[in-house]
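Residue numbering for the sequence shown follows this note's numbering, starting at 8 and increasing by one per position. Yeah, the Cβ is synthetic: ideal placement off N, Cα and C, and Gly gets one too. Only one structure is covered here, and it is reproduced in the block below.
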Amino acid sequence: MYTKSYPSTSILKANIQDSVSIFFLERKLISTGFYFNFYKNFKKDFFIKKKFIDPVTICIIHILNKKKIKKKYSQYYKELKIIIINISLKKILIQPNEKIAIINIYPEIKIKWKKYFILNKSKRGYNSFGSTGI
Numbered sequence: 008m009y010t011k012s013y014p015s016t017s018i019l020k021a022n023i024q025d026s027v028s029i030f031f032l033e034r035k036l037i038s039t040g041f042y043f044n045f046y047k048n049f050k051k052d053f054f055i056k057k058k059f060i061d062p063v064t065i066c067i068i069h070i071l072n073k074k075k076i077k078k079k080y081s082q083y084y085k086e087l088k089i090i091i092i093n094i095s096l097k098k099i100l101i102q103p104n105e106k107i108a109i110i111n112i113y114p115e116i117k118i119k120w121k122k123y124f125i126l127n128k129s130k131r132g133y134n135s136f137g138s139t140g141i
């Protein structure tokens with residue numbers, strides 16, 4: 008049995024001061040300004056749901072090393088950045104605050120296993136292939 012978890016969705020925007028040009032087969036690391044709280048047992052899955060930039064690109068999620076941000080309680084945060092690889096022959100221009108992608112963030116799926124020491128006889132019989140334990 009597992010508990011169903013629903014994703015949270017976020018729009019990632021280019022958190023840059025000046026526009027960035029990406030030429031053929033060039034890659035750039037684009038800051039998004041998207042920080043999330045990091046703790047020891049942090050387990051989440053990040054998936055890009057939709058890209059807003061040129062469809063002839065490859066987008067890879069990159070999580071920057073932890074950074075301590077001074078607040079009331081000292082906590083560690085990580086910034087989610089996007090590596091954009093241009094596989095098109097034309098130049099791509101990324102403007103400041105331009106939407107890059109929509110991501111889904113899924114929490115860890117928790118599964119509860121039931122322990123059984125003895126399996127019942129299979130309904131398939133003795134000469135059948137495999138055993139279902141039923």
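Query: Among P14, S17, A21, which one has its Cα closest to the Cα of I101?; Result: A21
Query: Any idea which residues DSSP pairs S15 with across the strands?; Result: I112
Query: Please report the Cβ distance between I110 and S17, rounded to the nearest whole angstrom; I am assuming they are in contact, meaning their Cβ atoms lie under 8 Å.; Result: 6 Å
Query: Grab the span of the beta strand (DSSP E) containing L100 for me, first residue to last.; Result: 99 to 101
Query: Output the boundary residues of the beta strand (DSSP E) element that contains I70.; Result: 64 to 70
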